[in-house]
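**Q** I am attaching a structure below and will ask some questions about it afterwards.
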Amino acid sequence: MSGDARRTRRPASCVCSKRSCCETARATSVARRSRRAARPTEDRSPADVVSLYSLDRIGDVPAMKWTQAFIPTLRDDPADAEAVSHKLLVRAGFARQLVSGIYSLLPLGFRVARKVEGIVRDELEKIGAQEFQLPCMHPTEIWEQTGRGEIPESFRLKDRHGADLVLGLTHEEIFTHLSRELRSYKELPQTWFQFQTKFRDEERPKSGLLRVREFVMKDSYSFDYTLEGLDHQFQQHFEAYRRIFERCGLDTVAVEASSGAMGGSESIEFMVQTESGEDWVVTCELCGYAANIEKATSTLAPAEDAPGMDAPEKFPTPGVVTIQALVDFEGGAPADGQIKTLVYVVDGSPLLALLRGDHDLVEQKLIDATGASDLRPAGESEIQTLLGARPGSLGAVGLSDEIRVLADPAIQGRTGMVTGANEDGFHFRGVDVARDVSVTEWVDLREVKDGESCPACENKLTLQKTVEVAHIFKLGTKYSEALGAKVLDENGKNVPLIMGSYGIGIGRAVAAIVERHNDENGIIWPVNVAPFEVVVTVVKPKEVACHEAGERIYETLLGAGIDVLLDDRDVGPGVKFKDAELVGIPYRITVGPKGLADGTVEVFRRQGARKRDLPVDRAAEAVTENVLEDRR
RNA sequence: CGGGCCGUGGCGCAGCUUGGUAGCGCGCCUGACUGGGGGUCAGGAGGCCGCGAGUUCGAAUCUCGCCGGCCCGACCA
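Residue numbering for the first sequence follows my numbering, starting at 3 and increasing by one per position.
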């Protein structure tokens, strides 16, 4: 009984000032024990009494009985949750929010996180990685040395002497700092990793554990002195990640990604498809092409040019300030016959981005193309100063060469186009891009749309919403050069270390697993990451036969090394079934008077909700077999 | 950072328009019954109504400010 159990569980370290507190508790617990011990019927052996008695003893019994575990399940979805994983992880007692984007993991949640970590550690050790533990608090200077001192997401603090510290957003800097102790190519390659909390003051945390401000990441870093060595490490990680996610029961799609502010030449993200995600990924089922929308391209159907003219012709378009308005305007043009002109400020200088009227800009592509560290849309007054007109009438025809113009290939060679005339209320028609527009650089800037053709095989592309669970980067020498991490090569020459970095968000992976493994009754954990693999549900725990049969099965499973939870609560069976399913334990063995009457218990498999009756003394063994089979 | 919504026992919510003893369901505690899908009955505990100021004889309710949370957008290593 939970009441009894709780009351006897006085912390050894109780520091209450009232002497009576702990003493009374102790007295009460003794009284309860004797009552409990006295309750059993006369036909029990002393061994039975001892085993019952041990129920009340906390210290030497693993906390795997429901009455002793902290599993605060909720009947209703939390009001502030939207994402499936958020609702379920809170409802099922895995996690609680402290403030926006900061969560506590409860025992069940921690058990899952530890299992995921175990899989990750196992696979990394298989590729020769060594585990470290680095600090969360870093001196700000080291971040300044690599040019990452001004990241808006960083949490900053000062120590009592006024020294500036930053809570680590990641650990390239610190691992690279340590790598300076590498002296010779003979020590290479090295692969180092850790599980550590990262702090990122996101502008908008959301979707429960999917996007948070404080989270544990497995990050690893590879050090070598040749590009081939880097390629090898990158490949090793890629394959290790594949195995990790497979073992976690996560279907991932590996996509080309933008390296963003991490720098480096190449990066691949591991994405999990879910409605709660925020990253769009483009995939081709036929040839396997896959890319983040920040990077993806497609093959376009050719657009039809309007008749050409000898020179652009200016015409009045009063009140027309959008692409759509110009489509509807008498004498206007279809969207794919227009040139969209966007003005950005890139590291302080203006830049024009030109796209086809029906296309959208991917800002990340602009950042990647310009190498900008700061990029934003220009304000209206800046635009007015630069081009002499307001947004809605902008264009690049006849601009001075001083202004940098990046244009998307979709408008290359087009004729008879319509674009703004840089005079409010006027547009040009008959624009011949090659003739009339001076383009500084042609770069892919447009966003791929669902249903466009695959750049590799021409098949139709699909667009999916996903969440990023891992990201691997070829960093090159960005960090090693900034921090002076060099080794001597075969020729005795100092060369910078060539690095890779590789991250997996543990909490995010846990949430992603829930996103993909659930039904209307709750979570369905894959066995490998389940907080418990089996729950033994005792239907009528007050009845000695039920209780004892349940205990026996529970102990047999424990002895077989199965993660098993005994639901010994004195509540109705419905409550226990609902909770077990909500929590998502893969196997349930139901022990109750009905089955015991003919010597059976019921084995229930959460996935697929399959039930079968087995003889009492066969059940533990059979379920053990199932579990061992499911573990991979 | 812009826009919207919301803060009332542990959880989910009503009450606010029209100011006057703070309510409901679930959960929790005690006891009994019950026992194969969130069961029944009886009794009970628990609330600076987010915080602060103001209006008023009187504020959960009206006004102002602040704080916190969620969603959309922008942003994102």
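For glycine and all other residues, C-beta sits at the position ideal for the given N, C-alpha and C.
1) Suppose you measure from the CA of Asp-434 to the CA of Ala-308; what does that come to, to the nearest Å?
2) Could you pull out every residue in the same chain whose Cβ sits closer than 6 Å to the Cβ of Gly-552, ignoring the five residues on either side in sequence?
3) Quick check on the DSSP output: the alpha helix (DSSP H) that includes Ala-513 runs from which residue to which?
4) On the three-state DSSP scale, how would you describe Gly-400?
5) Out of Ala-298, Val-407, Arg-358 and Ile-295, point me to the one whose CA is closest to Ile-325's CA.
6) When we look at the beta-carbon of Asn-496 and count the other beta-carbons within 10 Å, is it buried (16 or more) or exposed?
7) By how many angstroms is the C-alpha of Thr-69 removed from the C-alpha of Thr-26?
8) If the criterion is Cβ atoms closer than 9 Å, does the pair Gln-198 and His-179 meet it?
9) If you drop the 5 nearest sequence neighbours on each side, which residues of the same chain put their C-beta closer than 8 Å to that of Gly-350?
10) Report buried or exposed for Asn-530, applying the criterion of at least 16 other Cβ atoms within 10 angstroms of its Cβ.
11) Please return the same chain residues whose Cβ sits closer than 7 Å to the Cβ of Leu-616, not counting the five positions on each side in sequence.
12) Do you know offhand how far Val-168's Cα is from His-88's?
13) Counting only the same chain and skipping the five closest in sequence on each side, list residues whose C-beta sits under 7 Å from that of Thr-299.
14) With a 10 Å radius around its C-beta and 16 neighbouring C-beta atoms as the bar for buried, classify Ile-587 as buried or exposed.
15) Have a look at Arg-202, Gly-103 and Ala-621 and flag the residue whose alpha-carbon is nearest the alpha-carbon of Arg-607.
16) Classify Ala-29: buried if its beta carbon has 16 or more other beta carbons within 10 angstroms, exposed otherwise.
17) Taking buried to mean at least 16 other C-beta atoms within 10 Å of its own C-beta, is His-163 buried or exposed?
18) If we call anything under 9 Å between Cβ atoms a contact, is Gly-509 one with Leu-190?
19) Kindly provide the ranges of any beta strand (DSSP E) runs that are 3 or more residues long and lie completely inside the stretch 213-288, ordered along the chain.
20) Of the residues Lys-342, Gly-290, Asn-294 and Arg-150, which one's Cα is nearest the Cα of Asp-281?
21) State yes or no: is the C-beta of Ile-73 within less than 9 Å of the C-beta of Asp-581?
22) Among the candidates Lys-462, Glu-404 and Val-364, whose CA atom is the shortest distance from the CA of Glu-287?
23) By DSSP, does Val-531 sit in helix, in strand, or in coil?
24) Return the CA-CA distance between Ala-242 and Gly-563, expressed in angstroms with no decimal places.
25) How should Ala-487 be labelled, buried or exposed, when 16 other C-beta atoms within 10 angstroms of its C-beta is the threshold for buried?
26) Which of the three DSSP states is assigned to Ile-104 in this structure?
27) If I follow the unbroken beta strand (DSSP E) through Trp-68, where does it start and stop?
28) Tell me whether the stretch 465-474 and the stretch 267-277 touch, counting them as touching only if at least three CB pairs, one residue from each stretch, are closer than 8 Å.
29) Mapping DSSP to helix, strand and coil, what is Gly-418?
30) Taking only three categories from DSSP, how would you classify Ile-144?
31) Going by alpha carbons, who is nearest to Thr-148 out of Arg-116, Thr-479, Gly-422 and Lys-297?
32) Is it the case that the Cβ atoms of Asn-523 and Leu-584 are separated by a distance below 9 Å?
33) Are Lys-297 and Asp-370 closer than 9 Å when you measure CB to CB?
34) Whole angstroms is fine: what's the gap from Ala-256's alpha carbon to Ile-270's?
35) When burial is assigned at 16 or more other CB atoms within 10 Å of the CB, is Ser-47 buried or exposed?
36) When the Cα atoms are used, what is the spatial distance from Arg-123 to Leu-356?
**A** On the basis of the data shown:
1) Residue 434 sits at position 432 when you count from the first residue of the first sequence. Residue 308 sits at position 306 when you count from the first residue of the first sequence. Their backbone Cα atoms lie some 10 Å apart in a straight line.
2) The residue labelled residue 552 in the question sits at position 550 within the first sequence. Correct list, in chain order: Val-538, Val-540 and Val-593.
3) Start at 1 with the first residue of the first sequence, and residue 513 comes out as number 511. Residues 508-518.
4) On the first sequence, position 398 is the one that residue 400 refers to. Three-state DSSP puts Gly-400 in coil, outside helix and strand.
5) Residue numbering aside, residue 325 sits at position 323 when the first sequence is read from its first letter. Nearest C-alpha to Ile-325: Arg-358.
6) As a position in the first sequence, residue 496 is number 494, starting the count at 1. That one is exposed.
7) Residue mapping note: residue 26 aligns to position 24 of the first sequence, counting from 1. Residue mapping note: residue 69 aligns to position 67 of the first sequence, counting from 1. Here Thr-26 scores only 32 on pLDDT, less than 50, and its place in the model is too uncertain to base an answer on.
8) As a working mapping, residue 198 is identified with position 196 in the first sequence. As a working mapping, residue 179 is identified with position 177 in the first sequence. The answer is no: Cβ separation not under 9 Å.
9) The count along the first sequence starts at 1 and reaches residue 350 at position 348. Same-chain partners within the cutoff: Asp-376.
10) Start at 1 with the first residue of the first sequence, and residue 530 comes out as number 528. Label assigned to Asn-530: buried.
11) The count along the first sequence starts at 1 and reaches residue 616 at position 614. Closer than 7 Å at Cβ, skipping near neighbours: Thr-602, Val-603, Val-605 and Ala-624.
12) As a position in the first sequence, residue 168 is number 166, starting the count at 1. As a position in the first sequence, residue 88 is number 86, starting the count at 1. Taking the straight line joining both Cα atoms gives about 29 Å.
13) In the first sequence, counting from the first residue as 1, residue 299 sits at position 297. Leaving aside the five residues that flank Thr-299 on each side, the residues in its chain whose CB is nearer than 7 Å to its CB run, in chain order, Asp-446, Val-450 and Pro-457.
14) On the first sequence, position 585 is the one that residue 587 refers to. Residue burial annotation: Ile-587 is buried, with at least 16 other C-beta atoms found within 10 angstroms of its C-beta.
15) As a position in the first sequence, residue 607 is number 605, starting the count at 1. Minimum Cα distance to Arg-607 is reached at Ala-621.
16) The count along the first sequence starts at 1 and reaches residue 29 at position 27. Low local confidence applies: a pLDDT of 33 at Ala-29 is under 50, so the model's placement there is unreliable, and no value is given.
17) In the first sequence, counting from the first residue as 1, residue 163 sits at position 161. Its Cβ having fewer than 16 others within 10 Å, His-163 is exposed.
18) As a first step, residue 509 is located in the first sequence; it is residue number 507 there, counting from the start. As a first step, residue 190 is located in the first sequence; it is residue number 188 there, counting from the start. Going by C-beta atoms, Gly-509 is not nearer than 9 Å to Leu-190.
19) Runs of the beta strand (DSSP E) lying entirely within the stretch 213-288 and spanning at least 3 residues, in chain order: 216-226, 255-258, 268-275 and 281-285.
20) Here residue 281 corresponds to residue number 279 of the first sequence, with the count starting at 1. Among Lys-342, Gly-290, Asn-294 and Arg-150, the Cα nearest to that of Asp-281 is on Asn-294.
21) One-based indexing of the first sequence puts residue 73 at position 71. One-based indexing of the first sequence puts residue 581 at position 579. Asp-581 sits close to Ile-73, with the two beta carbons spaced by under 9 Å.
22) Residue 287 sits at position 285 when you count from the first residue of the first sequence. That would be Lys-462, whose Cα lies nearest to the Cα of Glu-287.
23) Along the first sequence, read from residue 1 onward, the residue named residue 531 stands at position 529. DSSP, reduced to helix, strand and coil, places Val-531 within a helical segment of the structure shown.
24) Looking up residue 242 in the first sequence gives position 240. Looking up residue 563 in the first sequence gives position 561. Looking at the backbone, the Cα of Ala-242 and that of Gly-563 are separated by about 26 Å.
25) Position 485 of the first sequence, counted from the start, is the residue given in the question as residue 487. Its Cβ being crowded by 16 or more others within 10 Å, Ala-487 is buried.
26) In the first sequence, counting from the first residue as 1, residue 104 sits at position 102. The DSSP-derived three-state label of Ile-104 is strand.
27) Along the first sequence, one-based indexing puts residue 68 at 66. Taken as a continuous stretch (DSSP letters only), Trp-68 belongs to no beta strand (DSSP E), as it is neither H nor E.
28) Result yes; three or more Cβ-Cβ pairs closer than 8 Å.
29) Locating residue 418 in the first sequence gives position 416, counting from the first residue. Correct three-state label for Gly-418: coil.
30) Translated into the one-based positions of the first sequence, residue 144 becomes position 142. Looking at Ile-144 - three-state DSSP - the assignment turns out to be helix.
31) As a working note, residue 148 is residue 146 in the first sequence. Taking the Cα of Thr-148 as reference, the smallest distance to any Cα among Arg-116, Thr-479, Gly-422 and Lys-297 is reached at Thr-479.
32) To locate residue 523, count along the first sequence from 1; it is residue 521. To locate residue 584, count along the first sequence from 1; it is residue 582. Yes, these two residues count as a Cβ contact at 9 Å.
33) One-based indexing of the first sequence puts residue 297 at position 295. One-based indexing of the first sequence puts residue 370 at position 368. Yes; because the gap between Cβ atoms is below 9 Å, this pair is in contact.
34) Numbered from 1 along the first sequence, position 254 holds the residue referred to as residue 256. Numbered from 1 along the first sequence, position 268 holds the residue referred to as residue 270. Using only the alpha carbons, I get a separation of about 6 Å.
35) Stepping through the first sequence from its first residue, residue 47 is reached at position 45. In this prediction, Ser-47 has a pLDDT of 42, which is less than 50 and means its spatial position is unreliable; what the coordinates show is noted afterwards. Exposed, since its Cβ has fewer than 16 Cβ neighbours within 10 Å.
36) On the first sequence, residue 123 is found 121 positions in, with the first residue counted as 1. On the first sequence, residue 356 is found 354 positions in, with the first residue counted as 1. Near 47 Å, if we compare the C-alpha coordinates of Leu-356 and Arg-123.
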